[in-house]
Amino acid sequence: MWKFSIRRLLIMIPQLILLSILIFILAKMMPGDALSGMIDPNVSPERLDELRDKLGWNDPWHVQYADWVGGLVHGDFGQSFRFKMPVTDLIGQRIVNSFWLSVVTLIFTYAIAIPLGIISGRFNDSILDQAITGYTYLGFATPLFIFALVMLWVFGFMLGWFPTSGSVAPGTEPGTFAYVMSKFNHLVLPAIAMALITTTNTVQYLRNDIIDTKQRDFILTARAKGASESRVYNRHILRNSLLPIAAFFGFEITGLIGGTIFIETIFGYPGMGLLFYESILLRDYSVVTAVTLLFGIASIIGALLSDIILSLVDPRIRIK
1 MWKFSIRRLL IMIPQLILLS ILIFILAKMM PGDALSGMID PNVSPERLDE
51 LRDKLGWNDP WHVQYADWVG GLVHGDFGQS FRFKMPVTDL IGQRIVNSFW
101 LSVVTLIFTY AIAIPLGIIS GRFNDSILDQ AITGYTYLGF ATPLFIFALV
151 MLWVFGFMLG WFPTSGSVAP GTEPGTFAYV MSKFNHLVLP AIAMALITTT
201 NTVQYLRNDI IDTKQRDFIL TARAKGASES RVYNRHILRN SLLPIAAFFG
251 FEITGLIGGT IFIETIFGYP GMGLLFYESI LLRDYSVVTA VTLLFGIASI
301 IGALLSDIIL SLVDPRIRIK
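For what it's worth, the working numbering labels the leading residue of the sequence shown as 1, then goes sequentially.
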């Protein structure tokens, strides 16, 4: 197990290097920069070129990449041109919000998916199973940003049950119980909106796995020995069907990354996704490259966690 983990960690090194190169090159290939079309039109082009030379934006890409990587080694992501602050501090302000949004979304996802998957798999081909399957098909077909807009309009504007933007009510004192409840109230609606769409994969996977497990020989043997139906499901079917779901945990983290960009932008939730979107619009490439790199690292770590968890929970896998 340790050999496998160490080997996977070593494989991550060239992956991260290649990822950083691709991110940096793609960012430099984007049209314009932070000075393009967003500075006082009275500023002369010569002055803009002087600013670009001073900032090092006219240097060859490999020189800029070396400077960028050198800063990353020391924990310095550079300076945000538009937000007028270090990128590290800017990310530090936003990453906490995205972390808690992801945690609450994962909780809602599994709280919805596991019961629905179990019911659908146990009572397959029933009316209840058809209703749950219809929900998953609808979830597959519905774009996340459309569903999020509907949720925001219905529960935020029409019913007024949840806030429509921000991460905490203005004027709330940090550290108080009211502050904690306000933070939770602001992230519930975006978390539920994302969970209701992302849960469809888990529901379908669990349903199909339960149906497949019910037909295995050891299940038929357990029933032939006179085991009760509840014992067959709880001790044999569910025990074998839920194990692969644990391995999906890492991939759920990866899937959340793309979802948070839409969710945070629609709900005006100040997290990493909204920061990424704003930075692209402002052409603040130091922030764009830093956030994209962190998203890529999170995806790689999520895949690593999935492999490790699967090797731990599935006794049929033997990794030497």
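Glycine is no exception: its CB is placed at the ideal position from the N, C-alpha and C atoms.
Straight across, the Cα-Cα distance linking F295 with Q130 is about 37 Å.
One thing to note: R82 has its Cβ no nearer than 8 Å to the Cβ of I210.
For Y110, the enclosing alpha helix (DSSP H) covers residues V87 to R122. Taking the Cα positions, L159 is about 15 Å away from N185. Just measuring C-alpha positions, the residue of S228, L22 and L187 sitting nearest W61 is L22. Judged by DSSP secondary structure, K183 falls within the alpha helix (DSSP H) whose first and last residues are F177 to K214. For H62, the uninterrupted alpha helix (DSSP H) segment begins and ends at W61 to V73.
Annotation for S279: the continuous alpha helix (DSSP H) segment containing it runs M272 to L282. Residue pairing by DSSP places Q79 opposite P86 in a beta bridge. In this structure, the CA atom of K28 is about 8 Å from the CA atom of Y285.
Check the Cα spacing between M151 and each of A195, G175, Y110 and D125: the tightest is with A195.
With contact defined as three or more Cβ pairs closer than 8 Å, the stretch 72 to 87 and the stretch 287 to 307 are in contact.
Within the same chain, G273, F276 and Y277 come within 7 Å of I261 by CB-CB distance, once the 5 residues on both sides are set aside.
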